[in-house]
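K.L.:
Just so it is clear: in the sequence shown, position 268 is 306 by this note's numbering, and no numbers are missing.
The structure is given below, and queries will be raised subsequently.
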Amino acid sequence: MNATEDCYCDPVSAEDEQKRTVIHCLFGSTIDSLTKAMDKVRRAGAHVWSVQLGEMDFLGDRMPDRYFQANNVTPEELAIFSCGTGQRFDFPDGSFAGIAHTLRKLTVFGCRLHDVPAVVGQLKRLEVLELAHDSIRTLRSGALANLEHLRTVDLSDNGLQRLEPRSFDNLPMVDTLVLGPGNSLDHRALAVVGSSLPNLRQLRMQKNAVATLPGHTFGPFGQLVELDLSGNFLENLTSSMFDGLSRLEVLDLRVNLISTIEPNTFAPMGRLRQLYLAGNYIANVDGDQFAGLAKLHTLDLGWNEFTDIADHAFATLSSLRALHLNNNRKLMLVEADALTGLDKLELLNLSSTRLLTIEPRTLRPCSRLKTLDLSNSDLDLLDADTFRSTDRLEQLYLNKTKLFTLPDGLFEPLPNLRLVDLSFNPWQCNASLAWLIGWIKTHSTTITINRVNDTNCFWPIPLRGERLIQLNNNQLQQAGSQKLTTTAAATSTNAAISPINIPTDERKFATTAQPTKSKDSNSFFNINNEQWDEENLNGELNEDISTNEIDDQKLSSKTTLENENNFVNSKSDSIDFNLSNQTTEVGTVIIAVVIILTLLVILTVIVIVIIMRQKRRLLANQPYNKTPPAEQHYPK
C-alpha cells in the first residue's frame, strides 16, 4: 500500500489470505497520521495486524486513552520506539482498551519507563513483553503477575540492579528471559529467577555484574537449554558451579576474567553442544577440563593466553566439529598429538597467532577437516606432507603469514579444495616457486584463488609487487640468479667453507639483512594495502643452497677465504664508523633543541612576571567599589 504522510503500510505476505497489514509510523509522525493509515487499511478490506511507532509525536508524554477502542482496530503486535519525548512516558489505565484480549506482543523501547506499567497486567493474551532500553532499576514483586500466556520477557539495557523476590511468580509459560546486556545484576538474581520460572529454557545475562556462582546455583534450572553469561566477571570455574544443568546445550562465557578451569567442571552438562570461552585468560587446557562433553561440536577458545596446545588436550571431545583457537597472540606451538581424538573435526581456526609451523603429524587425526585457517600468523614453513591426511579439505587460508615459498606438490593431496588464500605473503619469485604459479594458473577456473591480485612477489626487487599469476618462466629463471643467499656453516673442524659469492650490486643488501621476526602480529581484520617491513622480511628470504654449491665451496682455497674475510671486516669497520658519526650528530641536535626550549621557558616566565607587576600597579591606583555592578548576578 502507498504511504499516508509519515506512516506507510505493508502486507505481512503476498499470499496471506487474511490480508494482515503492518503499519509503520516514522519520525515526525503524529496520532493523526496513524489514524489516517488505519482508515486506509480498513477501506482496502485488510486487517491491522501490527503497529510499529518509531519516535512518534504523541502530543504529550502519555499514550492516548482508549485510542485503539475508538478506532476499532485490534492489532496483535504493538511496538513503540523512543516515544517522541525526552520525558518519562506513561500508559494510563485505558491505554490498551479494546486490545487487551488480542495483543500478543508489546514492545516499549527507550521510553524512560521507571517501572513495568500497571496496565500491562490487563493484557491476558500477551506472549512477548519487551521493555528494553528504559530506566527500570528494580523489578517489583508482582509486576508481571498473572500473565499466564507470557513466554518471553526482555528487560535488557535498563540499568536493572535488583529483582525483588517473587518478581516472576505466576508465569508458568515463560521459557525465555533476557536480562542483558546493560544491567547490573549479580548471582542473587539467579536465585529469584530459579525459584519462579521452572520451565525456563533460555536465559541471557550477558554484560551484568556476575562475579561468582556458588555451588548448586543452577539447581532449579533443570529445563535450561541456553545460558549466556558473557561479559561478566567470573574468574574461576569450579567443578560444582554448573550442577543441575543436565539439559544445557549452549553455554556462553566469553569475555569474563576466567583463568582457571577445574577438572570435570563441565561434566554435569552431558548434552552441551556449544561452548564459548573466548576473550578470557586461559593459558592451558587438558582433557580433564572437558571431561563428559561427548556431544560437544563447537569449542571457542580464541583470544586467550595460550603459548602452546599440549598433547591430547581435546582427546575427550570425540564429537567436536569446530575448534577456534584464533587470536591467541602468544600461541607458538601446537604439539604433534594435540588434536588426537578429533576425527570428526571439520573446522580448525588458528589465525592471528604466532604459530611458526604445523607438523604433518598434527593434522593426521583430522581426516574430515574441511576448513583450515592459518592466516595472519608467523607461519614461515610448511612440510610437503602437511596436508597428506586432510584430503577432504575445501578451504585453506594461508594469507598474511611469513611464508616466502611452498614445497612442490603441497596441494596435490587436496582434490576437494575449493578456495585458497595466499595473499599478502612475502613471496620469493624464483624457479622454486614456478610450480605454485603454474598451479594457480591451471586451477584458477575451478578453485577460488582469494585476493589473487594481492598475491604478489616481494623478492627479488625487480619483481616486487608483480602478481604471481602474471609471471612467466623466463622471469622466474632470471630471478633465480638474483636470489639472496647466505654463508653455510662448517660441519666439522677440518672443513673450511668460504662465503658464497654475492653479486657486487647486491653485496651491501645481503650484508645488512638480518633474520628477525616481528613480535606483534598485525590485526586479523586489517587486510588491505598492508606494507611489509623490509628489514623483517629480508632475513626470511630463501637460504636454500644446493649440495653441489656446498661441495664447490669446500674446494675453495684458504687464500680466498682470508680475502673475503678481510673484505667483510673492512665493511664492518666502515659501518661502525658511519654509525658513530650519525650518533654524534643526533646527540648534538638533541642538545641544541634542549637549550632552545630552556631559553623559551625562561623568556616566558620573565614576560609573565612583568605583566603581573603592571596589573598590580593598576589595581593599586583604583578606588575600591563595595557595590557590585548592576548587571552582575549571583546565585541564590
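Glycine residues also receive a C-beta, built at the ideal position from the N, C-alpha and C atoms.
Name the residue from 479, 425 and 202 whose alpha carbon lies nearest to the alpha carbon of residue 450.
P.N.:
Numbered from its first residue, the sequence shown carries residue 450 at position 412. That would be 425, whose Cα lies nearest to the Cα of residue 450.
K.L.:
Along the alpha helix (DSSP H) that carries residue 314, what are the first and last residues, could you check?
P.N.:
By one-based count along the sequence shown, residue 314 stands at place 276. Run containing residue 314: none in the alpha helix (DSSP H); it sits in the beta strand (DSSP E), 312 to 314.
K.L.:
Would you tell me roughly how many angstroms separate the C-alpha atoms of residue 681 and residue 375, rounded to the nearest one?
P.N.:
Outside the displayed range of the chain (39 to 674) lies residue 681, so it cannot be described from this structure.
K.L.:
Is the segment 127 to 147 close to the segment 161 to 169, with three or more CB pairs under 8 Å?
P.N.:
Three or more pairs of CB atoms, one per stretch, sit closer than 8 Å, so the segment 127 to 147 contacts the segment 161 to 169.
K.L.:
Keeping to the same chain, check which residues put their C-beta closer than 8 Å to that of residue 306; ignore five residues upstream and five downstream.
P.N.:
Your numbering for residue 306 matches position 268 in the sequence shown. Only 280, 281, 282, 283, 284 and 330 meet the Cβ criterion.
K.L.:
To which residues of the same chain is residue 423 closer than 7 Å at the C-beta, ignoring the five residues directly before and after it?
P.N.:
Here residue 423 corresponds to residue number 385 of the sequence shown, with the count starting at 1. Excluding positions up to five away in sequence, the list reads 398.
K.L.:
Report yes if the CB atom of residue 380 is closer than 7 Å to the CB atom of residue 358, and no otherwise.
P.N.:
Walking along the sequence shown from the start, residue 380 turns up at place 342. Walking along the sequence shown from the start, residue 358 turns up at place 320. Yes, they are a contact pair.
K.L.:
Going by C-alpha to C-alpha distance, which of 292, 490 and 513 sits closest to residue 497?
P.N.:
To locate residue 497, count along the sequence shown from 1; it is residue 459. Nearest of 292, 490 and 513 to residue 497, Cα basis: 513.
K.L.:
Going by C-alpha distance, which of 169, 75, 229 and 384 is nearest residue 403?
P.N.:
Within the sequence shown, the letter at position 365 stands for residue 403. The residue with the shortest Cα to Cα distance from residue 403 is 384.
K.L.:
DSSP state of residue 413, grouped into three classes?
P.N.:
Residue 413 sits at position 375 when you count from the first residue of the sequence shown. Three-state result, residue 413: coil.
K.L.:
On the DSSP letters alone, give me the boundaries of the beta strand (DSSP E) that residue 79 sits inside.
P.N.:
Looking up residue 79 in the sequence shown gives position 41. No beta strand (DSSP E) contains residue 79, which is instead part of the alpha helix (DSSP H) from 69 to 81.
K.L.:
Quick check on the DSSP output: what are the complete beta strand (DSSP E) runs of length 3 or more inside the segment 213 to 266, in order along the chain?
P.N.:
214 to 216, 240 to 242 and 264 to 266
K.L.:
Please say whether residue 181 and residue 146 have beta carbons closer to each other than 7 Å?
P.N.:
On the sequence shown, position 108 is the one that residue 146 refers to. On the sequence shown, position 143 is the one that residue 181 refers to. No; because the gap between Cβ atoms is not below 7 Å, this pair is not in contact.
K.L.:
Are the CB atoms of residue 170 and residue 192 within a distance shorter than 7 Å?
P.N.:
Walking along the sequence shown from the start, residue 192 turns up at place 154. Walking along the sequence shown from the start, residue 170 turns up at place 132. The answer is yes: Cβ separation under 7 Å.
K.L.:
Identify the continuous alpha helix (DSSP H) that holds residue 335 and give its terminal residues.
P.N.:
Your numbering for residue 335 matches position 297 in the sequence shown. Unbroken run through residue 335: none, as it is neither H nor E.
K.L.:
Helix or strand or just coil, what does DSSP make of residue 472?
P.N.:
Translated into the one-based positions of the sequence shown, residue 472 becomes position 434. Reduced to three states, the DSSP call for residue 472 is helix.
K.L.:
Under the three-state reduction of DSSP, which class applies to residue 676: helix, strand or coil?
P.N.:
This structure leaves residue 676 out entirely; the chain is present only between 39 and 674.
K.L.:
Assuming residue 104 contacts residue 127 (C-beta within less than 8 Å), just tell me the rounded distance between them.
P.N.:
Within the sequence shown, the letter at position 66 stands for residue 104. Within the sequence shown, the letter at position 89 stands for residue 127. With a Cβ gap of about 17 Å, residue 104 and residue 127 do not count as contacting.
K.L.:
I need the straight-line Cα distance from residue 187 to residue 278, nearest angstrom please.
P.N.:
What you label residue 187 is simply residue 149 of the sequence shown in a count that begins at 1. What you label residue 278 is simply residue 240 of the sequence shown in a count that begins at 1. Taking the straight line joining both Cα atoms gives about 34 Å.
K.L.:
By the 10 Å Cβ neighbour count, where 16 or more other Cβ atoms means buried, how is residue 635 classified, buried or exposed?
P.N.:
On the sequence shown, position 597 is the one that residue 635 refers to. Its Cβ having fewer than 16 others within 10 Å, residue 635 is exposed.
K.L.:
In or out: residue 439 buried (at least 16 other Cβ within 10 Å) or exposed?
P.N.:
Locating residue 439 in the sequence shown gives position 401, counting from the first residue. Flag for residue 439 reads buried.
K.L.:
State the start and end residues of the unbroken beta strand (DSSP E) segment that holds residue 302.
P.N.:
For the purposes of this step, residue 302 is identified with residue 264 of the sequence shown, where counting begins at 1. Taken as a continuous stretch (DSSP letters only), residue 302 belongs to no beta strand (DSSP E), as it is neither H nor E.
K.L.:
Of the residues 135, 367, 212 and 217, which one's Cα is nearest the Cα of residue 109?
P.N.:
Along the sequence shown, read from residue 1 onward, the residue named residue 109 stands at position 71. Out of 135, 367, 212 and 217, 135 has the C-alpha closest to the C-alpha of residue 109.
K.L.:
Going along the chain, which residues of its own chain have a beta-carbon closer than 8 Å to the beta-carbon of residue 263, five neighbours each way excluded?
P.N.:
Position 225 of the sequence shown holds residue 263. 239, 240, 285, 286, 287 and 288, listed in sequence order.
K.L.:
From this set, 175, 196 and 202, which residue's C-alpha is nearest residue 183's C-alpha?
P.N.:
Against the sequence shown, residue 183 aligns to sequence position 145. Of 175, 196 and 202, the residue nearest in Cα terms is 202.
K.L.:
Looking at the unbroken beta strand (DSSP E) that takes in residue 488, where does it start and where does it end?
P.N.:
In the sequence shown, residue 488 corresponds to position 450, counting from 1. From DSSP, the beta strand (DSSP E) with residue 488 extends over 486 to 488.
K.L.:
Is it buried or exposed for residue 428, if we count other Cβ within 10 angstroms and need 16 for buried?
P.N.:
On the sequence shown, position 390 is the one that residue 428 refers to. Residue 428 is buried by the Cβ-count criterion.
K.L.:
Taking the alpha carbon of residue 675 as the point to measure from, which residue in 418, 334, 322 and 468 has its own alpha carbon closest?
P.N.:
Nothing can be reported for residue 675: it is not among the residues displayed for the chain, which extend from 39 to 674.
K.L.:
So what does DSSP say about residue 496, is it helix, strand or coil?
P.N.:
To locate residue 496, count along the sequence shown from 1; it is residue 458. In this structure, residue 496 counts as strand in the three-state DSSP scheme.
K.L.:
Please state whether DSSP places residue 626 in a helix, a strand or coil.
P.N.:
Counting from 1 along the sequence shown, the entry for residue 626 is found at position 588. The three-state secondary structure of residue 626, taken from DSSP, is helix.
K.L.:
Looking at the structure shown, is residue 61 part of a helix, part of a strand, or coil, going by DSSP?
P.N.:
For this step, residue 61 is matched to residue 23 along the sequence shown. In the structure shown, residue 61 adopts extended strand secondary structure according to DSSP, grouped into three states.
K.L.:
If I measure Cβ to Cβ from residue 254 and keep anything under 8 Å in the same chain, skipping five residues before and after, which residues do I get?
P.N.:
Locating residue 254 in the sequence shown gives position 216, counting from the first residue. The residues are 278, 281 and 282.
K.L.:
Counting along the chain, where does the alpha helix (DSSP H) carrying residue 105 start and finish?
P.N.:
Translated into positions along the sequence shown, residue 105 becomes position 67. It spans 105 to 109 - the alpha helix (DSSP H) in which residue 105 sits, taken as one unbroken run.
K.L.:
Helix, strand or coil for residue 511 per DSSP?
P.N.:
Counted from its first residue, the sequence shown places residue 511 at position 473. Residue state, collapsed to three classes: helix.
K.L.:
Would residue 274 and residue 294 qualify as a contact pair, given that the criterion is a beta-carbon distance under 7 Å?
P.N.:
In the sequence shown, residue 274 corresponds to position 236, counting from 1. In the sequence shown, residue 294 corresponds to position 256, counting from 1. Cβ distance not < 7 Å, so residue 274 and residue 294 don't count as in contact.
K.L.:
I'd like the span of the beta strand (DSSP E) that includes residue 49, first residue to last.
P.N.:
Indexing the sequence shown from 1 puts residue 49 at position 11. From DSSP, the beta strand (DSSP E) with residue 49 extends over 45 to 49.
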